[in-house]
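Visitor: Before we start, here is the structure in question, set down as structure tokens.
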Amino acid sequence: MRWLCLALLVAFPSFSSAQEADAGPEDAGLDDASTDAAVEDAEAEAEDAEPAPAPEPDEAEGVPPAEIGRRIEETFHELQLLTPLLRRQSATQGIERAMPNFVDYVTRLSDDPALRHLDSLHSASLHDLEHEWSRVRLRLTGWQDSLETRTASLTDAREATVEMQQLWTATRESNKEVLPESQLERVDALLARIAIVLRRIDRRLEGVLGLQGQLSDEGIRIARQASRIQAAQQNVRDRRQRRDHRPVWRGWGRLGDADEDAPSQAVVAEEHFTAVRAFAYTEKKPLLVHGTAFLVLALVFLFLRIRTSARLKPGGRPSAHRALRAQPIASALLLVYILAPIIYHYVPVFLIGASLVLLVPIVHVLNRHMLPAAHRPILAMIILSALSVPLSLGFAPEWSRRYYTLVLALLGLKFVLELWSPKLRQVLTSTDRERRRLYGLLRLALVPLGYAIYLLFAGYTERAELWTTGTLWVFEQAVGIFVGTELLTALAILSLRHPAARMLYMVRNHRRKVAHYVDVVLHAAAVVALLLLALRSFDLLDPTLESSRAAFRRTFEFGSIELSFGSVVAFVAMLIGTFLVMRIVHVLLEYEILPRFRLEQGISSAISLSASYLLVAIGVVLAFGVAGVGPERLALLGGALGVGIGFGLQNVVSNFVSGLILVAERPIQVGDVIEVDGDLVGRVQRIGIRSSSVHSLDGAEVIVPNADLVSGKLINWTLSDARRRFDLVIGAGYAHDPAEVMRLLNQVVRRQPRILHDPAPEVFCTSFADSAIEYTVRAWAGGYLEAIEAKSSLAAAVYATFAEHEIEIPFPQQDVHIKSTPDGKTNV
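Here the sequence shown is numbered in our numbering, starting from 533 and rising by one per residue.
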């Protein structure tokens, strides 16, 4: 019996090489590169250990005796497939190794003195604390998701192994009297192997569950502190809604004893220092990437300045290209400032304030090249924004906050009013549209600054401080984002002009259109970024997100139908995303990918259109799925749609299906010259979902429904052969020898450059008309339009040749005979 078990272990060595890593201190000394001796020792220990208790066999009789041999091999194979699951998992190992440091880090965060006086912290410090704990919770959530996946796979494997054990236990018990000894030994060996695998799965599962327990404990600690911080932030928001000072008409003093609860400047500085230190510790790689990006951009801009310094003249029209060349270091600094939200997950408020201070000289030197018309008031507002940083970070003494805020608001109001001056508005009319929009946005700062002054006089100092500093910060960030977006657009245009960019077909053939799309995308991203920054500066981002979540979760009932705002928004967003993706894929296929394969004319358009149809169909199905419409409801909706189609949408569906037929059958292709119903001749420009566009010969864009192209009379002059035959009928007088006329016509037609020589042109004497002998010249041209031009050139050449050889081209004529009548009158 023992030798048979050892033979089976040798036959299936992969189980013995599976390492015990996910669980238990007993596996701590094993690594992935275990030697064969270690494997054999582990197997011997597994065999000598107590076998896993077998569950009670089912009432079923098990495997029939005739199938036992085959089923034993199949079961061994199934156990073999479980081997990868029993190996050491790198993700689980990483969590296990990082768990002690993570616990220590959470403990240090929990011991932060700031957590003991949250109610007195400044809102900026609370903001930093919230994001630090959110980052820790995000990391914990990722680990929990990984362990849940591992637990689910181990649980499924254990259930399958237990079923195997129950089956073969029942098989042995029901057939032990009829099976030979060798067969029973094979069943016993299989049960021993199943017990070993089951024990290993249990140890893996036990270890993973242990890690999940530790993560659950840490999650409780993290959630407790996060809820306390959120409660403190809500208290700050509630406090801003209350009057904290007496109104101007009732005095100027502060209400209550809130001064005693305000943290000292040392405590505020310590909190900001802690946030910056944690940022530097956790964002080492992004900091390295950020510094490398600055060096690369600075070197590129310095190279551009060296190349174009001789051509850069003083003065001139404001442009981002001039700023890139004139101020390379400032341009690089501003661009890396704009890219910071993409590189970092979160930046402490102290570093944001410091960057706003450093932004003053950068924007100052760049505005002279980009915003010269309103340079002085904009620079003054940016300086005020830098001066508001100590107030925003909580460094201003409590007694001076009201005076500080009032001075900033009044000065800001003064400089914004300068942007409204008639003289400046007259100058701005000569600028481009983007700058006029920026100036219009900056002039809107008059409203929040005026509101802040009112709040100060009414006694709401904290709320006025938020509106004042938020307005100044948004003002500076709007200018920085505008200048940075213009610099990025200029950099993109310069990149598209580089010879390396011409390797792309889109850039080579549609550079202006690509530059336009880049400009649109960058400005759209700038608008979104400015909106988010404005919400954050006014402390409205979190309340807005919470209100949005509550609105999305709200459901409306219409009888038996439940509809939520979130599902509607998700449905619309999925449709918009689908059409955007479809458009991007269509452009990439049409202008970049398919032209590289040198396909026949029209095939690339058919492929891109088919891909667009497929993406739209997938997107619509996914949109209904996101909206909560299951397959059953979707089938019902399809049936209702079919009824609607039968009653009122026949033309729409007919055109859609006809478009599919045009793509699949390809009777016409983009670029073909077609004739529809005998009155429209033109070149196919586009084959769309509902209709196609035909560029007529007189320059009109004619929209033709696809159904008319499929079911109507259609002539395609360039489907399989672009060549076009034309006939020119010429009349010559009866006095001229037909052989000589035909000889001259042959000479003329063969000298025409637009007429093909294969097939060769032909000249025939076709008929004897009333006034002339008619000759027909039959020739071929390279295309439909070429045939028209060749026929015109040939007619002019024939006329000139006949005139040279004095050959008459007669016109129709009749003889009139006058007869006399008996009465002396004449009749005509």
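The beta carbon of each residue, even a glycine, is placed where N, CA and C say it ideally should be. Note that this is a predicted model, so its numbers are computed, not measured.
Please specify which runs of the alpha helix (DSSP H), each continuous and at least 4 residues long, are wholly inside the region 896–929, giving them in chain order.
Guide: Counting whole runs of 4 or more residues, the region 896–929 contains the alpha helix (DSSP H) stretches 907–919, 921–925.
Visitor: Identify the residues that DSSP records as bridge partners of residue 1258: which are they?
Guide: For residue 1258, which the question treats as bridged, DSSP gives the partners 1311.
Visitor: By the three-class DSSP mapping on this structure, what secondary structure does residue 1303 have?
Guide: Residue 1303 falls in the coil class under three-state DSSP.
Visitor: How long is the line joining the alpha carbons of residue 559 and residue 1148, rounded to whole angstroms?
Guide: With a pLDDT of only 37 at residue 559, under 50, the local geometry of the prediction cannot be trusted, and the value read off the model is given with reservation. Spanning the two alpha carbons is a distance of roughly 53 Å.
Visitor: Under the three-state reduction of DSSP, which class applies to residue 1237: helix, strand or coil?
Guide: Of the three classes helix, strand and coil, the one that applies to residue 1237 here is strand, per DSSP.
Visitor: Assuming residue 719 contacts residue 693 under a Cβ cut-off of 8 Å, what Cβ separation, rounded to an integer in Å, is found between them?
Guide: Wrong, their Cβ atoms sit about 16 Å apart, outside the cutoff.
Visitor: What does the Cβ neighbour count give for residue 709, buried or exposed, with the cut at 16 atoms within 10 Å?
Guide: So residue 709 ends up on the exposed side.
Visitor: According to DSSP, is residue 1087 helix, strand or coil?
Guide: In this structure, residue 1087 counts as strand in the three-state DSSP scheme.
Visitor: Determine, using beta-carbon pairs with one atom in the region 928–938 and one in the region 990–999, whether at least three such pairs fall under 8 Å.
Guide: A contact exists between the region 928–938 and the region 990–999.
Visitor: Of the choices 1205, 697, 700, whose alpha-carbon is the least far from that of residue 1227?
Guide: Of the listed residues, the one whose Cα sits closest to residue 1227 is 1205.
Visitor: How is the alpha helix (DSSP H) around residue 626 delimited, first residue to last?
Guide: 622–642 is the span of the alpha helix (DSSP H), which, as asked, contains residue 626.
Visitor: Strictly by DSSP, which residues pair up with residue 1228?
Guide: 1214.
Visitor: Spatial neighbours of residue 1195 within its chain, please: CB distance less than 6 Å, with the 5 preceding and 5 following residues excluded, ordered by chain position.
Guide: Excluding sequence neighbours, residue 1195 sits near 1138, 1141, 1142.
Visitor: Could you have a look at residue 1161 and say whether DSSP puts it in helix, strand or coil?
Guide: In this structure, residue 1161 counts as coil in the three-state DSSP scheme.
Visitor: Assuming residue 1310 and residue 1293 form a contact by the criterion Cβ under 8 Å, report the distance between their Cβ atoms to the nearest whole angstrom.
Guide: Indeed, because the Cβ distance is near 7 Å, the residues count as touching under 8 Å.
Visitor: May I have the straight-line CA-CA distance separating residue 808 from residue 638, to the nearest angstrom?
Guide: C-alpha separation (whole angstroms): 17 Å.
Visitor: Between the beta-carbon of residue 863 and the beta-carbon of residue 833, is there less than 8 Å?
Guide: Result yes, Cβ atoms of residue 863 and residue 833 sit closer than 8 Å.
Visitor: Taking its Cβ as the centre, do 16 or more other Cβ atoms sit within 10 Å of residue 576, making it buried, or is it exposed?
Guide: No answer about residue 576 holds up, because its pLDDT of 39 lies below 50 and its placement is not dependable.
Visitor: Touch check for the region 801–817 and the region 882–901: three-plus C-beta pairs under 8 Å?
Guide: Yes, since at least three Cβ pairs between the region 801–817 and the region 882–901 fall closer than 8 Å, the two stretches touch.
Visitor: Mapping DSSP to helix, strand and coil, what is residue 1340?
Guide: Coil, per DSSP.
Visitor: Please identify the residue among 652, 865, 1048 whose C-alpha is closest to the C-alpha of residue 829.
Guide: The candidate whose alpha carbon is nearest that of residue 829 is 865.
Visitor: For residue 1238, which residues of its own chain have a beta-carbon under 7 Å away from its beta-carbon, when the five flanking residues on both sides are left out?
Guide: 1187, 1190, 1191, 1194, 1222, 1223, 1224.
Visitor: Please name the residue, chosen from 1104, 707, 616, 923, that lies closest to residue 599 on a Cα-to-Cα basis.
Guide: Among 1104, 707, 616, 923, the Cα nearest to that of residue 599 belongs to 707.
Visitor: Name the residue from 1267, 1201, 888 whose alpha carbon lies nearest to the alpha carbon of residue 1247.
Guide: It is 1201.
Visitor: Flag this pair as yes or no: are the beta carbons of residue 877 and residue 669 separated by less than 8 Å?
Guide: No, Cβ-Cβ distance for residue 877 and residue 669 is not below 8 Å.
Visitor: Leaving aside the five residues before and after residue 970 along the sequence, list all residues of the same chain whose C-beta is less than 6 Å from its C-beta, in chain order.
Guide: 1014.
Visitor: Of all the options 643, 1233, 660, 616, which has the alpha carbon lying nearest to the alpha carbon of residue 1217?
Guide: With distances taken between Cα atoms, residue 1217 lies closest to 1233.
Visitor: So, helix, strand or coil for residue 1207, using DSSP?
Guide: Strand.
Visitor: Under the assumption that residue 1208 contacts residue 1229 (Cβ atoms under 8 Å), give the Cβ distance between them as a whole number of angstroms.
Guide: Actually they do not touch by this definition, with Cβ atoms about 13 Å apart.
Visitor: Taking the straight line between their C-alpha atoms, what separation do you get for residue 759 and residue 953?
Guide: Answer to the nearest angstrom: the Cα atoms are 49 Å apart.
Visitor: Per DSSP, which residues does residue 1248 bridge with? Please list them.
Guide: 1206.
Visitor: Kindly confirm or deny that the region 653–664 and the region 758–773 touch, where touching means at least three C-beta pairs closer than 8 Å.
Guide: Output reads yes: the region 758–773 touches the region 653–664.
Visitor: Kindly list the residues whose CB is nearer than 6 Å to the CB of residue 948, restricted to its own chain and excluding five residues on each side of it in sequence; keep chain order.
Guide: Correct list, in chain order: 977, 978.
Visitor: Return the CA-CA distance between residue 689 and residue 613, expressed in angstroms with no decimal places.
Guide: Using only the alpha carbons, I get a separation of about 10 Å.
Visitor: Nearest-angstrom Cα distance between residue 925 and residue 999?
Guide: Their backbone Cα atoms lie some 14 Å apart in a straight line.
Visitor: How big is the Cα-Cα spacing for residue 1010 and residue 1125?
Guide: Each residue's alpha carbon lies about 38 Å from the other.
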